[in-house]
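Residue numbers (numbering that gives the first Met the number 0): 0 to 192. Idealized CB from N, CA, C, for every residue including glycine.
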Amino acid sequence: MAGHSRVLVGGLPGVGKTTILSRAAESIRASSRSVLLVVFGSVMLDEAKKLGVSDRDRLRFLPVETQRQLQLKAAKKIYDMQADFVLIDTHFVIRTPEGFWPGLPIEVLKTLNPTHIVMIQAAVQSILSRRRNDPTRKRDEERPEDIEAELELSRQFMVIASAETGAPMKIINNEESGAELAMKEFLSTIRAE
Ligand code: ATP
Ligand code: AMP
Ligand code: MG
């Protein structure tokens, strides 16, 4: 295919982004094209370690001003990464004690310069049970109505990101035990199948 793809992937905590993207990256690699799976939160955490934060699930509790600096530094680092497919695993909205905060404010969007924007979503009850059943993380136990509200906000931020960058946006459902199917839809969306 012509050119390089920079794919922004967002969705609520625990919806299955990293699961789907790891498999997608494996599949792209197997077809001899270069791919980088960049977990935005991991790039932020590398910087945050200098501030004594070592748990990714604590990042969003830092003062938003600090998070903004980490966010922009991460975006600049990611901008320099090159591959046929750069898959950026991130969030459209972050729930902080200071309120909802955009994962992709204009400055960050402009720096990342995506070719595609994808949102992974799932039913509220699935998100709740995936969070409960994942012992590797400290995700919040939230009320279903709060998850529903965050889903709606994520969609709105996704629309803004698409309008600001001109990149097409796609919503992919990650149904129960359907990660493989979601991965295939993702590959076809970014023309990597
Ligand atoms: P975060 O934003 O917090 O990093 P995430 O979107 O990357 O979350 P994952 O870590 O990929 O989410 O998945 C959360 C949990 O849900 C994991 O235990 C994973 O195995 C499980 N999971 C992912 N997809 C599905 C699916 N289709 N059906 C059932 N469980 C799933
Ligand atoms: P994740 O592993 O995807 O859950 O990311 C861990 C944490 O990184 C998230 O809970 C956020 O605090 C932070 N994070 C990820 N993406 C962004 C972003 N685009 N802007 C700000 N913070 C982010
Ligand atoms: Mg993840």
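Buried/exposed call for residue i, threshold 16 Cβ in 10 Å
i	result
E149	buried
K16	buried
L58	buried
M157	buried
E192	exposed
S30	exposed
P134	exposed
E174	exposed
R190	exposed
R5	buried
Q66	buried
G51	exposed
S53	exposed
Cutoff 6 Å; reference residue i; Cβ partners in own chain excluding five residues on either side
i	result
R138	P12, G13, R130
V63	T95, E97, W100
A121	V14, N173
Closest by C-alpha distance to residue i, when choosing among the options
i	options	result
I170	A181, D145, S26	A181
T188	L152, A82, I119	I119
V37	A82, S176, S128	A82
V107	T89, Q124, A74, D133	A74
R136	R55, A23, P167, L61	R55
P113	A121, L86, N132, S128	L86
A178	S21, S4, R5, S161	S21
R28	Q155, F84, L44, L7	F84
E46	L61, K183, Q124, S128	L61
K49	S26, L69, V34	L69
P167	P143, Q155, K183, H115	H115
E141	V123, G165, V34	V123
Bounding residues of the alpha helix (DSSP H) (the contiguous stretch that carries residue i)
i	result
R22	16 to 29
L111	105 to 111
G40	39 to 47
P101	Unbroken run through P101 is the beta strand (DSSP E), 98 to 101; no alpha helix (DSSP H).
V63	63 to 78
I189	First-last for I189: undefined, no H or E at that position.
V123	123 to 131
R94	Not the alpha helix (DSSP H): R94 falls in the beta strand (DSSP E), residues 92 to 95.
Residue range of the unbroken beta strand (DSSP E) whose run includes residue i
i	result
S4	4 to 9
D88	84 to 88
I119	115 to 120
Cβ-based neighbour list, residue i, same chain, cut-off 7 Å, excluding 5 preceding and 5 following
i	result
I126	L11, G13, V14, I146
G9	T89, H90, F91, G102, M118, S153, M157
Y78	T110, L111
F185	I19, A23, V117, I171
Nonlocal neighbours in the same chain, by C-beta distance under 8 Å from residue i, ignoring five residues either side
i	result
K76	V42
I105	E163
> When a residue counts only if its C-beta is closer than 7 Å to some heavy atom of the ligand AMP, which residues count, in chain order?
Replying inline: Cβ atoms closer than 7 Å to the ligand AMP belong to P12, K16, T17, V38, F39, G40, S41, M43, L44, R55, D56, L58, R59, Q66, Q70, D88, T89, H90, I93, G102, L103, V107.
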